[in-house]
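Everything in the sequence shown is counted per the working numbering, starting at 1 for the first residue and increasing by one. As structure tokens, the structure follows; a few thoughts come after it.
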Amino acid sequence: MSKLRLLFVKEGTAAYISHLDLLRTVQRAFPRTELEIKHSQGFHPHPIISIVLPLPVAQSSDCELLDFEVTQDTDGSGIAEKLNEGLPEGLRVLDCYEAKRPVRELAYLRADMEMEYDHGVPEGAAEALMELFHRPELLIEKRTKRKQLAEVDIAPMIRSIAFAEEKDLLRAAVTVRAQNPGLNPQLLEKAIARYRPDLSPDFVRVRRRELLDEAGEIFR
Numbered sequence: 001m002s003k004l005r006l007l008f009v010k011e012g013t014a015a016y017i018s019h020l021d022l023l024r025t026v027q028r029a030f031p032r033t034e035l036e037i038k039h040s041q042g043f044h045p046h047p048i049i050s051i052v053l054p055l056p057v058a059q060s061s062d063c064e065l066l067d068f069e070v071t072q073d074t075d076g077s078g079i080a081e082k083l084n085e086g087l088p089e090g091l092r093v094l095d096c097y098e099a100k101r102p103v104r105e106l107a108y109l110r111a112d113m114e115m116e117y118d119h120g121v122p123e124g125a126a127e128a129l130m131e132l133f134h135r136p137e138l139l140i141e142k143r144t145k146r147k148q149l150a151e152v153d154i155a156p157m158i159r160s161i162a163f164a165e166e167k168d169l170l171r172a173a174v175t176v177r178a179q180n181p182g183l184n185p186q187l188l189e190k191a192i193a194r195y196r197p198d199l200s201p202d203f204v205r206v207r208r209r210e211l212l213d214e215a216g217e218i219f220r
């Protein structure tokens, strides 16, 4: 019996596939691998498959991870290629390997944000937002696990942030807490709207680039 981990890309139209639909999509591709997926016990057995850090709908990623268990002993060699034959456009498995590191060691995620402004980036926006995100406290309204709105201080969840300005676009490279608690980079827009509404972008696009451990090293 082996526990395996997939590293995969989610982009383009596939970014709009929900978490549950993504699990179903991967399950339908598994027969191509000729692996026997381990199932749960009980009256309604289901495949033991889990996405390590589910990606919000409409965001894309270079570093999604999915864990699953199989009844055979295997190191995952050749599985990525077989899965890719059955996956839709926008989903691409980069690697399949033994899941040796526990998910609790995943600490941060690095992402790129593109903030678009219909009438051009406001003058001095990069400097002003850099100052904003270095404040000791940044309160926003965020839904809790119980689906209730609560004020949360996101300042301690931001490890680093940097901006690069273009004509109608402001790019941000951010590293934020991934879990316990985690911060969706998209929520940085809420802080801008609350503290600097004059700098609120008209559209925001987020792409995950890497998952990191506590030391800032790549988590696999």
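No residue lacks a Cβ here, since even glycine has one placed at the ideal position from N, Cα and C. None of these values were measured; they are calculated from a predicted model.
Member of the options whose CA lies at the smallest distance from the CA of residue i
i, options, result
"L199", "R104, H119, L149, G216", "H119"
"G216", "S160, E89, P136, L20", "S160"
"L87", "A29, E214, G42", "A29"
"L20", "L66, R143, I192", "L66"
"M113", "L132, L35, L188, A99", "L188"
"S77", "F68, S60, E98, D62", "E98"
"A155", "E137, P31, L35", "E137"
"G74", "K10, E34, A162", "First, the amino acid is wrong: residue 74 is Thr here, not Gly. Of the listed residues, the one whose Cα sits closest to T74 is E34."
"R143", "P201, K190, A162", "K190"
"A193", "D62, M115, C63", "M115"
Neighbourhood of residue i by C-beta, 6 Å cutoff - its chain only, sequence neighbours within 5 removed
i, result
"A164", "R171"
"V93", "L6, F8, A80, L83, N84"
"L139", "E151, D153"
"D213", "E105, A107, F219"
Alpha-carbon to alpha-carbon, residue j and residue i
i, j, result
"C96", "R196", "44 Å"
"M130", "E141", "21 Å"
"L22", "T71", "22 Å"
"R24", "M1", "22 Å"
"L4", "E69", "6 Å"
"R209", "V103", "18 Å"
"Q179", "L106", "8 Å"
"L132", "Q148", "26 Å"
"G182", "F43", "34 Å"
"A162", "E36", "45 Å"
"K145", "P54", "14 Å"
Whole-number beta carbon distance between residue j and residue i, since they are thought to touch under 8 Å
i, j, result
"V204", "Q186", "6 Å"
"A111", "V206", "6 Å"
"M227", "R135", "Nothing in the structure corresponds to residue 227, since the chain is present only between 1 and 220."
"H39", "P45", "4 Å"
Residues of its chain near residue i, where Cβ-Cβ distance is below 7 Å and the 5 sequence neighbours each way are ignored
i, result
"G12", "E89, G90"
"V57", "Y16, S18"
"S60", "K10, E11, A15, R207"
"N184", "P56"
Neighbour flag for residue i against chain B, beta carbons, 9 Å
i, result
"H134", "Judged by its chain identifiers, the structure shown contains no chain B, having just a single protein chain."
Own chain partners of residue i with C-beta closer than 8 Å, once the 5 adjacent residues on each side are dropped
i, result
"E166", "V121"
"L169", "E114, M115, E116, Y117, V121"
*asked:* Count Cβ pairs between the stretch 120-138 and the stretch 36-51 that sit closer than 8 Å; are there 3 or more?
replied: The stretch 120-138 vs the stretch 36-51: no contact.
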